[in-house]
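>
Residue numbers (my numbering): 2 to 346.
(1) Based on Cα-Cα distance, which residue from 295, 147, 29 lies nearest to residue 324?
(2) Under 8 Å: do the segment 164–174 and the segment 295–312 share three or more Cβ pairs, one atom per stretch?
(3) Drop a sphere of 10 angstroms on the beta-carbon of residue 180, count the other beta-carbons inside from all chains shown, and report buried for 16 or more, exposed for fewer.
(4) Quick one: what's got a C-beta closer than 7 Å to residue 256's C-beta in the same chain, skipping five residues either side?
(5) Count Cβ pairs between the segment 109–124 and the segment 44–51 that sit closer than 8 Å; are there 3 or more?
(6) Figure out for me which residue from 182, 329, 250 has the closest Cα to the Cα of residue 345.
(7) If you drop the 5 nearest sequence neighbours on each side, which residues of the same chain put their C-beta closer than 8 Å to that of residue 188?
(8) Taking its Cβ as the centre, do 16 or more other Cβ atoms sit within 10 Å of residue 103, making it buried, or is it exposed?
(9) Going along the chain, which residues of its own chain have a beta-carbon closer than 6 Å to the beta-carbon of residue 263, five neighbours each way excluded?
(10) For residue 80, name the three-state secondary structure that DSSP assigns.
(11) Considering only the beta carbon of each residue, do residue 268 and residue 161 sit closer than 7 Å?
(12) Given this structure, state the Cα-to-Cα distance separating residue 9 from residue 34, to the nearest angstrom.
(13) Starting from the C-beta of residue 132, find all residues in its chain whose C-beta is less than 6 Å away, skip the five residues before and the five after it, and write them out in chain order.
(14) Using DSSP with H/G/I as helix, E/B as strand and the rest coil, what is residue 40?
(15) What's the C-alpha gap between residue 154 and residue 317?
(16) The beta strand (DSSP E) spanning residue 149 covers which residue range?
(17) In its own chain, which residues sit with a C-beta less than 8 Å from the C-beta of residue 221, not counting the 5 before and 5 after it?
(18) At 3 residues or longer, and completely inside the segment 82–158: list those beta strand (DSSP E) runs for me, N to C.
(19) Alpha carbons only, please: which of 15, 74, 70 is nearest the one belonging to residue 3?
(20) If distances are taken between C-alpha atoms only, which option among 270, 39, 142, 265 comes closest to residue 196?
(21) Please give the ranges of any alpha helix (DSSP H) in the segment 168–243, keeping only runs that are unbroken, at least 4 residues long and fully inside the region.
(22) Using three-state DSSP, classify residue 339 as helix, strand or coil.
(23) Which word fits residue 332, buried or exposed, when buried means at least 16 other C-beta atoms lie within 10 angstroms of its C-beta?
(24) Relative to the alpha-carbon of residue 216, which residue among 301, 203, 145, 20 has its alpha-carbon at the smallest distance?
(25) Please state whether DSSP places residue 281 in a helix, a strand or coil.
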């Protein structure tokens, strides 16, 4: 029997891990195959925690974690059942329901390694991933504490949430990380809603005027004052057309400034989202909805795929460790790749 490496990935809500007191979380992949324990927990292989955590000024209890398993399975396998189990006793999802693995070499096979699309932990009570709720809780922590949350993709590339305070620009980006260029993907309304700590109390945007760029000018000057190059490529959120048309351009900009030797920070609002989230606004003391589709994370994924030529199945596995909260949108990347190739290659 010829065996081949099969890779599995799982993103687990931070709250689930935080709830485990006085112990280290152990995630196992249990399934119908002998290599997966034949549904015996004791024989099931354990996944490895790969999330790369940077220093945070506060501990975030809702930060997602990424786990990975590389295991040799028969190259002839077409289908099997499986599910994940936490600390040898908490099964994901409904007890009677299992995941079904179906082979798709066209989408998932790269250099004789089969990359199973990364899974999200299924909630025990609801029987769903509840990604929207978990992401809302996590992002609200970032907003409430007025911090930046980011990941290092490489020595010269970071992706994360938007700077909210002048100290984020001057200290965190400039001094701590040594960033020399910032690629901002926010539209005007995003900036006015999320960057008030930089814009200042005296800034009053014109109501319903999307062409009022005063806030963008304030940001540009703040970055210039800190000695950082500010690049603005606004991408409309929650718009497939907007993302597919603008992302190739943003990717080209990212490629150019990296080629020039810059150390780059890419951000939108949160740098991760794929949901309509209920967020608490500290400045107005009201809740509002923020619509997100992971623009910043999507551009970094696009750079890996369009420029570095890394196949899509491998892209998510490469970027999940530094940005475990990032949403991977394969369909968007496939469509945008066609535009990038026609325009810039």
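Beta carbons are placed, not taken as given, at the ideal position from N, Cα and C, and that holds for glycine.
Taking the definition as stated:
(1) Within the chain shown, numbered from 1, the residue matching residue 324 stands at position 323. The shortest Cα separation from residue 324 among 295, 147, 29 belongs to 295.
(2) no
(3) Taking the chain shown and counting its residues from 1, the one referred to as residue 180 is at position 179. With 16 or more other Cβ atoms within 10 Å, it is buried.
(4) On the chain shown, position 255 is the one that residue 256 refers to. Here the set comprises 304, 308.
(5) no
(6) Within the chain shown, residue 345 is the residue found at index 344, counting from 1. Ranking the options by Cα distance to residue 345, first place goes to 250.
(7) Looking up residue 188 in the chain shown gives position 187. Only 211, 235, 236, 237, 238 meet the Cβ criterion.
(8) Here residue 103 refers to the residue found at position 102 when the chain shown is read from its first residue. So residue 103 counts as exposed.
(9) Here residue 263 corresponds to residue number 262 of the chain shown, with the count starting at 1. Cβ neighbours of residue 263 beyond the five flanking positions: 181, 182.
(10) Position 79 of the chain shown, counted from the start, is the residue given in the question as residue 80. Strand at residue 80.
(11) Counting from one through the chain shown, the residue named residue 268 turns up at place 267. Counting from one through the chain shown, the residue named residue 161 turns up at place 160. Their beta carbons are under 7 Å apart, which means residue 268 touches residue 161 by this criterion.
(12) By 1-based counting over the chain shown, the position of residue 9 is 8. By 1-based counting over the chain shown, the position of residue 34 is 33. Answer to the nearest angstrom: the Cα atoms are 14 Å apart.
(13) As a first step, residue 132 is located in the chain shown; it is residue number 131 there, counting from the start. So the list reads 121, once near-sequence residues are dropped.
(14) Mapped onto the chain shown, residue 40 falls at position 39. Here residue 40 sits in helix by DSSP.
(15) Counting from 1 along the chain shown, the entry for residue 154 is found at position 153. Counting from 1 along the chain shown, the entry for residue 317 is found at position 316. Roughly 12 Å between the two C-alpha positions.
(16) Start at 1 with the first residue of the chain shown, and residue 149 comes out as number 148. No beta strand (DSSP E) contains residue 149, which DSSP labels as neither H nor E.
(17) Numbered from 1 along the chain shown, position 220 holds the residue referred to as residue 221. Closer than 8 Å at Cβ, skipping near neighbours: 231, 233.
(18) 100–103, 114–116, 151–155
(19) Residue 3 sits at position 2 when you count from the first residue of the chain shown. Checked all of 15, 74, 70; the closest Cα to residue 3 is 74.
(20) Along the chain shown, read from residue 1 onward, the residue named residue 196 stands at position 195. Here the closest residue by C-alpha is 270.
(21) 189–195, 197–200, 215–226
(22) The residue given as residue 339 occupies position 338 in the chain shown. Helix at residue 339.
(23) By one-based count along the chain shown, residue 332 stands at place 331. Flag for residue 332 reads exposed.
(24) Taking the first residue of the chain shown as 1, we reach residue 216 at position 215. It is 203.
(25) For the purposes of this step, residue 281 is taken as residue 280 along the chain shown, with counting starting at 1. Here residue 281 scores only 42 on pLDDT, less than 50, and its place in the model is too uncertain to base an answer on.
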